[in-house]
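Here is the structure we will look at.
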Amino acid sequence: MSVSEAWIGDCHLKEIDGQRECCCQVAVWADGFDVFHARLEEHLQAQGLSLLWVEEGLSAPHYLRRHRDQQSRIGVLARAVHAGHPVEFGPLNFHNVGVGLDTEQNYLVYEDIADTAPLDDQFGAWPVKNVPKMLLDPLFGQPEPDSSAIEDDGDVAQVPVMRTYAVIDAAKLQSGFDEIAECGLRYRCLFKGQAAQDLKDVAPLLLELDPSADMTRRLLTYNPKLPESMTTAHLWHKEPGIYIRSRMGFEDIWRHFRKFVRIQDESGKWFYFRFWEPSVLNQLPAILTPENGKQFFAKDLTFVALTANPNAGRIIRRV
């Protein structure tokens, strides 16, 4: 049986209705990472804040084994939480982001996707669909190549097809990494080395999607008759990741996103950058400086963010 205790994380927060953000440490009374994350987000929402990303997310003893120099500070945080007071933050020092809508519109364009309802159980339907009708074109359409693509490849016949990728959070899956490893699609962890092995069940994983694959149907299905934890059948409600369209190959896409797995804040501290969360992706244009934004939202990429809200689908691409 799981036992609740203090869990510690380093997180980056943003005001939902403002332009201020901050980095801080947090303690949450939980019996695992999923409860830690859910209680943290619930508490933040009540405070008018959103979670952009979180690093670590470990039980207090595990956190202290990695950060022995922080024993005094973490001890105070850990002792402050219990069943009646499940969340406690360290010092919150907000600062203005200073990047507004006018700046983001200089290099990005947006397109809302209407009526992005997920697939249901499709009881009695044959053949079953793998992709909702309104998402066939945004996710798997083959647009005509633009002039720059033709110029790069010399001939329209030589322009690569438009591929579909997804960056999926293994922590959203009931069986973690194993569900990706067994899905039959090409995949690769965005972490490297020992971190890829130690954190594989909570790591971001790049997949190349096929519209005929069972995994594609699971990502785009929600069946309210099933337990929400049954991710081997449906995943839409979990907001498991983000989608990317590109003519670039798998390895090039992997190398691009590898550069953004961890970033530094103003003090030089490193954080995991959870850009694979749809809610984070939607906020990035207002958070990143134009210089950093243009690096992340590269011209060869089109992003598709799908949330549990069926009317909140969004396409983001460079001008």
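Position 283 of the sequence shown, counted from 1, bears residue number 283 in UniProt numbering, the numbering being contiguous throughout.
Idealized CB from N, CA, C, for every residue including glycine.
Quick caveat: nothing in here was measured; it's all calculated off a predicted structure.
Start-to-end residues for the beta strand (DSSP E) that takes in residue i
i	result
residue 303	301 to 305
residue 84	No beta strand (DSSP E) contains residue 84, which DSSP labels as neither H nor E.
residue 124	Per DSSP, residue 124 belongs to no beta strand (DSSP E) and is neither H nor E.
residue 313	313 to 318
residue 112	108 to 113
Endpoints, the alpha helix (DSSP H) within which residue i is located
i	result
residue 133	133 to 140
Residues near residue i in its chain [Cβ-Cβ closer than 7 angstroms; skip 5 each side]
i	result
residue 228	237
residue 273	53, 260, 261, 262, 263
residue 370	Missing from the structure shown is residue 370; the chain here goes from 1 to 319 and no further.
residue 31	2, 3, 4
residue 80	27, 88
residue 226	233, 234
DSSP three-state assignment for residue i, whether helix, strand or coil
i	result
residue 17	coil
residue 231	coil
residue 101	Residue placement at residue 101 cannot be trusted, given a pLDDT of 43 that sits under 50; what the coordinates show is reported in the next sentence. Three-state DSSP puts residue 101 in a helix.
residue 117	coil
residue 26	strand
residue 308	coil
residue 34	helix
residue 5	strand
Other residues of its chain near residue i: CB distance less than 6 angstroms, five sequence neighbours each side excluded
i	result
residue 177	170, 200, 201
residue 41	51
residue 142	162
residue 121	223
residue 180	187, 205
residue 33	57
Closer than 7 angstroms to chain C by CB, residue i
i	result
residue 71	Note that chain C does not occur in the displayed structure, where there is just one protein chain.
Proximity below 7 angstroms, CB of residue i to CB of residue j
i	j	result
residue 207	residue 168	yes
residue 118	residue 220	yes
residue 8	residue 38	no
residue 74	residue 64	yes
residue 49	residue 13	yes
residue 55	residue 10	yes
residue 320	residue 140	Nothing can be reported for residue 320: it is not among the residues displayed for the chain, which extend from 1 to 319.
residue 301	residue 246	yes
residue 316	residue 108	yes
residue 130	residue 231	no
residue 258	residue 190	yes
residue 86	residue 29	yes
residue 318	residue 303	no
Spatial neighbours of residue i in its chain, beta-carbon cut-off 8 angstroms, leaving aside the 5 residues before and after
i	result
residue 25	8, 9, 10, 11, 73, 74, 77, 89, 90
residue 21	12, 13, 14, 15, 52, 94, 95, 97, 287
Subject >> Complete beta strand (DSSP E) runs within the UniProt domain "DUF4123" (165 to 292) (minimum length 3 residues, chain order) >> reply: 187 to 189, 204 to 208, 241 to 246, 262 to 264, 270 to 272
**OP:** Run through the stretch 39 to 81 for me and flag every whole beta strand (DSSP E) of 3 or more residues, listed as ranges in chain order.
**Re:** 49 to 59
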